[in-house]
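Take any residue in the sequence shown, count from 1 to its spot, add 823: that is its number in the working numbering.
Glycine included, every Cβ here is placed at the ideal spot set by N, Cα and C.
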Amino acid sequence: MKIAFFDLDKTIIKKDSIVPFMFFYLKKNPKSFIYYIRLIPYFILFLFKIIDNSKIKYEIAHIFKNIPIEFGDSIGEEFANTVVPSLYYNDAIKEINKLKEEGYKLIMVTASFEIYAKFIGKNLGFDRVMGTELWIFRDKYTGFMYGKNCYNEAKRHRLFTEGIFKKDISQNIVYSDSISDLPFFAFAAKKVCVNPDKKLREYAINNKEKNFSIVEWK
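Written as structure tokens, this is what we have:
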């Protein structure tokens, strides 16, 4: 089996998806406004790099507190259908379609919340989507993350728990924009850096012998 793994934010779409999603979610669920107010000090701490993205993601999860699964998923699906298409890199869509024609299994592994990432993956024809999960209890979202933020080393752990190991990776490809995905790149022989951040760009240039390449998608 040959697999093409994709990150989502700044790889398939042009920006981090969490901010537009939070604005969209607030419009659809105005009652969550109180949780947004409580997030303000955490965003300040995050901007000053006092807390990391896993901590801020944990706090953001509170906006989903006590909403039924169907309601949350309907918002996630509508966001994927109406907002996200304008954010796609056209080159990413072309690449995804080409890989499907070539018989690749497509797997998205992203730090974005699965509540909407799974619908983005569905729209693009992905076989599997693994994102940051939310804890569900009695058919409602609890406002807490289930497990870790699917970022950095946690992506590797998530793939392992889903039964995907680094065995025969000779035909596999990984697409990502961030240096934080070095553990993720280990699942493929071909490593494609999409509009990479500064650190990943430097790493790719210095490690071409490890099959790192750089593409500039629009």
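Counting C-beta pairs closer than 8 Å gives fewer than three between the segment 875-885 and the segment 895-902, which falls short of the contact rule. Ranked by Cα distance from N1034, the options A1011, P843 and F869 are led by A1011. Listed in chain order, the beta strand (DSSP E) elements of length 3 or more contained wholly in the segment 966-1017 are 996-999 and 1013-1017.
Per DSSP, M931 lies in no alpha helix (DSSP H); the unbroken beta strand (DSSP E) holding it starts and ends at K928 to F936. Here DSSP, grouped into helix, strand and coil, assigns T955 to strand.
Around the beta carbon of V842, fewer than 16 other beta carbons sit within 10 angstroms, so the residue counts as exposed. Shown here, D832 sits in a strand according to DSSP, grouped into three states. Inside the segment 845-898, DSSP marks no whole beta strand (DSSP E) run of 3 or more residues.
As DSSP reads the structure, K941 sits in no beta bridge. Contact between D1000 and D830 is confirmed by a C-beta separation of about 6 Å, below the 8 Å threshold. Under the three-state reduction of DSSP, Y964 is assigned to strand.
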